[in-house]
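>
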């Protein structure tokens, strides 16, 4: 019996050793297969530009990575910040700590971008300068220029987008149980008396107090957004959170324009905004990206992670602040 237990433990140990995790280089290789990449080489230096995801949507924030691999003894000068990103806004930027792989130094620049328009866009060539100070080098300054990287930014507003017409109609109202007639009359008189008292109090306040000025739409929208974030609804019911988030933006648009935003579907609303030219083209792009991402959660069953929720909340706040007269940048 003890011999069988020893053999079983031996095989369990072998099985556990076979469960190897992917190394960082293997994970980077898998990630690179999902990226749009261009590669250029000159002498001891190679330069690659990659964008993840390979086919970004208008609501995504793609990541661009410039990677320079240079042999030991070669001094490299990376491009200035913001060069060559094309039709994108820069949301974040950092330079990882240089590292060494197989005797070569690896330098990187990483950009988090936001598309400004849908369709075909181009990442312009990056130029990397270097001086070959190796023993066999010439000690002169040279440069490597990458090829342009062409991307296609997709949008949900096309023939392949999920149709909201396929949604099932709402369920019929549930009938309430009948109550005693005496109780109903008692509640009726109580409600009527309370309403009269409220009306009298309001009339007296109007006579004695000056009416308060209306709250500006931008301030009201920011107040509603702060209350929604503080409620913690995103961790309790993320779908309802997105419903309330888009409702805040739609109500803000209704208060500042003639569009009856809450009464329209997303497609009808975006079409009317474009026809009436209510906002600038870049603001239209922000609004389309925000509403597309929200509709995927509300109607297509997509479950966003914490980063996606943060981005959606940030885009709603940016749109309100950019279009609010109180912020000094009205439409």
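Numbering (the working numbering), first residue to last: 55 to 385. All C-beta atoms in this analysis are idealised placements derived from N, C-alpha and C, irrespective of residue type, glycine included.
Using the three-state DSSP reduction, which class does residue 297 fall into: helix, strand or coil?
Of the three classes helix, strand and coil, the one that applies to residue 297 here is helix, per DSSP.
> Please return the same chain residues whose Cβ sits closer than 7 Å to the Cβ of residue 386, not counting the five positions on each side in sequence.
The structure shown does not extend to residue 386, since the chain spans only 55 to 385, so no value can be given for it.
> Is the CB-CB distance between residue 181 and residue 130 below 8 Å?
Not in contact: residue 181 and residue 130 (Cβ atoms no closer than 8 Å).
> Helix or strand or just coil, what does DSSP make of residue 112?
Three-state DSSP puts residue 112 in coil, outside helix and strand.
> Let's test the definition: count the other Cβ atoms within 10 Å of the Cβ of residue 135 and tell me whether it reaches 16, buried, or not, exposed.
Exposed, since its Cβ has fewer than 16 Cβ neighbours within 10 Å.
> State yes or no: is the C-beta of residue 96 within less than 8 Å of the C-beta of residue 115?
No; because the gap between Cβ atoms is not below 8 Å, this pair is not in contact.
> What three-state label does DSSP hand residue 397 in the structure shown?
Nothing about residue 397 can be read from this structure; the chain reaches only from 55 to 385.
> Look at the alpha carbon of residue 366 and the alpha carbon of residue 207, and state the distance between them as a whole number of angstroms.
Taking the straight line from one Cα to the other gives about 18 Å.
> Specify the secondary structure class of residue 284 as computed by DSSP and reduced to three states.
In the structure shown, residue 284 sits in a helix (DSSP, three-state: H, G or I).
> What separation, rounded to the nearest whole angstrom, lies between the Cα atoms of residue 360 and residue 306?
Distance between the alpha carbons of residue 360 and residue 306 is about 25 Å.
> Please report the straight-line C-alpha distance between residue 78 and residue 364, rounded to a whole angstrom.
The predicted model places residue 78 with a pLDDT of 49, which falls under 50 and marks its position as unreliable, so this point remains unresolved.
> Using a Cβ distance threshold of 8 Å, determine whether the stretch 328-346 contacts the stretch 368-375, with at least three qualifying pairs required.
The answer is yes - the stretch 368-375 touches the stretch 328-346, with three or more Cβ pairs under 8 Å.
> Just verifying my parser: in three-state terms, what is the DSSP assignment at residue 84?
Bear in mind that the predicted position of residue 84 carries a pLDDT of just 46, short of 50, making it too unreliable to give a figure here.
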